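Structure record follows, encoded as structure tokens.
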Amino acid sequence: MSAAAGLRAMHSGNSTGTTSRPQPAAGEQEVPGERPLFSASTYELLALLVATIGMLGLCNNLLVLVLYYKFKRLRTPTNLFLVNISFSDLLMSVFGVSLTFMSCLRSRWVWDAAGCVWDGFSNSLFGIVSIMTLTVLAYERYIRVVHAKVIDFSWSWRAITYIWLYSLAWTGAPLLGWNRYTLEIHGLGCSVDWKSKDPNDTSFVILFFLGCLVAPVGIMAYCYGHIVYAVRMLRCVEDFQTVQVVKLLKYEKKVAKMCFLMISTFLICWMPYAVVSLLVTYGYSNLVTPTVAIIPSFFAKSSTAYNPVIYIFMSRKDSEHFGFGSSQAGNKSPDQMEEEQSKVLMSRLQRQDLTNALDRHTGSLGNLKIDAVTSKDTVLFFPCLLLYLRSLKSHKSSFLILVFEDGSFKYDSYLLYYYCL
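In full-length UniProt numbering, the protein residues as written are 1 to 421.
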């Protein structure tokens, strides 16, 4: 079967309940990809654009992977998520761009039905992996900043495994008959069938948007909303004003800003495509011409080139983080220093000893609960341990307990339980 025949069969099978574009002849429906939809010069411009996107995405993401492999200082649980994003974007730069590039050179979709399915599957898979990784990254920043919990490599690897399984579940569903992959309006790429009015297909589209866009964006908004609130309500104390603490505080702020910028950039790139897809889904495909459809599609593909630039640029601003300009092989990254300090001090503290010390120095504090204070937890952050003591019944305020390396500590009562940034 030829490519055109295969696409004709796919399109005819998906035309039920859809709004078609203007017909070239009476009784004959135009099939995307059979004849050019743009001028020759437009196709040349699109080919140049998609080639540039692919090359930038390939080189930039490959550079991130090489840096992570070369510098041990970069091998932290948090950076593992950034590597996962770069790996996903690298694959999209190769598989999600190559078919479109060849079609631009030929001024039409030149691949058969199997090629269309692969193009739709791969673009959807790598896109979902990226947004879900950014969601988990936002959650990691949230539990680190708001709850003072440090993740380990085991946690990161489990999260990445779940991300890929979750993404494969959504992108594999159309292969099993729940919706399908078909040629898009611009005729230069494939995606799920947004136009079908079949209840089976419509249910997938609705749940797909909820599970792969609305829910991740909601989680990211919740996490960063709490992070911003914690920073705004911050009350720093004099004991934190040391050179080491200032450096570590700047590092935490930098990482949080970098993650937020990566998330914002990704959403800016993908939101126009999501809006256009929703217009088609809800029966406004007459508003979506090939020209209108191609712009957000290519803009979404360009997201693969931005994240590595953000990561490399913001990381190079902290030369010690990369090891540039540092001659000491034993230097450690702030993440590694923080985790080691937390393990050392947590080994000195036991739940009962801390409770007894509080009773001796502060008298009766009521029926308080010490959150997550065990010898195995790493809730320490920087040189001192910050504990949030929450009243079970009678206290509404929070007690911020600062336990220092020499065993001394102080506490104060706040209307918030966030630690100093």
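Glycine included, C-beta positions come from ideal geometry on N, C-alpha and C.
All values derive from a computational prediction rather than experimental measurement.
DSSP state of residue i mapped onto helix, strand, coil
i, result
"Val192", "strand"
"Tyr166", "helix"
"Leu183", "strand"
"Phe313", "helix"
"Val146", "coil"
"Asp152", "coil"
"Lys197", "coil"
"Thr289", "coil"
"Gly115", "helix"
"Ser375", "Reliability of the predicted coordinates at Ser375 is poor, the pLDDT of 31 falling under 50, and the value obtained from them is presented with this limitation in mind. Reduced to three states, the DSSP call for Ser375 is coil."
"Val136", "helix"
"Tyr282", "coil"
"Thr157", "Here residue 157 is Trp; the residue named in the question, Thr, does not match the sequence. Here Trp157 sits in helix by DSSP."
"Val110", "coil"
"Ser302", "coil"
"Thr225", "At residue 225 the sequence reads Gly, which differs from the Thr that was named. The answer is helix: DSSP assigns Gly225 an H, G or I state."
"Trp270", "helix"
"Gly172", "helix"
"Gly120", "helix"
"Gly177", "coil"
Outcome for residue i when other beta-carbon atoms lying within 10 angstroms are tallied against a minimum of 16
i, result
"Ser39", "exposed"
"Cys116", "buried"
"Tyr181", "buried"
"Gly283", "exposed"
"Gly172", "exposed"
"Leu45", "exposed"
"Leu74", "buried"
"Asn200", "exposed"
"Trp170", "buried"
"Lys195", "buried"
"Trp111", "buried"
"Arg141", "buried"
"Ile227", "buried"
"Tyr273", "buried"
"Ile268", "exposed"
"Gly189", "buried"
"Tyr162", "exposed"
"Ser297", "buried"
"Ser130", "buried"
"Ala114", "exposed"
"Phe399", "At Phe399, the pLDDT of 40 sits below 50, so the modelled position is not reliable and the matter cannot be decided from this model."
Spatially closest choice to residue i from the options, by CA coordinates
i, options, result
"Val64", "Gly96, Asn84, Met55 and Leu48", "Asn84"
"Thr135", "Ser98, Thr202 and Gly211", "Gly211"
"Ala256", "Tyr311, Leu165, Phe209 and Ser98", "Tyr311"
"Pro216", "Tyr166, Ser203 and Ile185", "Tyr166"
"Leu49", "Ser88, Cys104 and Pro174", "Cys104"
"Ala47", "Thr76, Arg108, Leu175 and Leu82", "Arg108"
"Leu278", "Asn307, Phe209 and Val309", "Phe209"
"Thr78", "Ala221, Ser156 and Thr202", "Ser156"
"Arg106", "Leu37, Leu125 and Thr202", "Leu37"
"Leu207", "Pro174, Gly189 and Leu188", "Pro174"
"Leu213", "Val309, Lys197, Phe266 and Tyr162", "Phe266"
"Asp193", "Gly120, Ile131 and Pro290", "Gly120"
"Ala221", "Glu184, Ser124, Thr202 and Ile263", "Ile263"
"Trp118", "Leu91, Leu137 and Tyr139", "Leu91"
"Gly225", "Ala113, Asn179, Leu168 and Ala138", "Ala138"
"Leu261", "Leu168, Tyr306 and Thr289", "Tyr306"
Rounded separation between residue i and residue j - CA only
i, j, result
"residue 444", "Cys59", "The first residue shown for the chain is 1 and the last is 421, placing residue 444 beyond what the model contains."
"Phe299", "Cys223", "26 Å"
"Leu80", "Asn286", "44 Å"
"Phe313", "Leu62", "15 Å"
"Ala293", "Met271", "13 Å"
"Gly177", "Lys70", "44 Å"
"Leu385", "Lys149", "Bear in mind that a pLDDT of 35 at Leu385, under 50, signals an unreliable position, so the model cannot answer this."
"Arg144", "Ile295", "38 Å"
"Ile219", "His186", "32 Å"
"Thr100", "Tyr229", "43 Å"
"Thr42", "Ile53", "16 Å"
"Thr304", "Ile160", "18 Å"
"Ser93", "Phe204", "26 Å"
"Tyr68", "Phe87", "12 Å"
"Cys259", "Ser191", "28 Å"
"Ala51", "Val97", "8 Å"
"His321", "Lys254", "With a pLDDT of 43 at His321, under the threshold of 50, the modelled position of this residue cannot be trusted; read the value that follows with caution. Approximately 11 Å, taken between the alpha carbons."
"Gly127", "Asp152", "25 Å"
"Val373", "Lys72", "With a pLDDT of only 36 at Val373, under the threshold of 50, the placement of this residue in the model should not be trusted; the figure read from the coordinates follows. So the alpha carbons of these two residues sit roughly 30 Å apart."
"Leu125", "His147", "32 Å"
"Leu183", "Thr76", "41 Å"
"Thr202", "Thr133", "26 Å"
"Phe95", "Gly57", "12 Å"
Closer than 8 Å to chain D by CB, residue i
i, result
"Trp155", "Looking for chain D here will not work: only one protein chain is present."
(request) Only counting runs of 3 or more residues, tell me where the beta strand (DSSP E) segments fall wholly within the stretch 30-97, in order along the chain. (result) none
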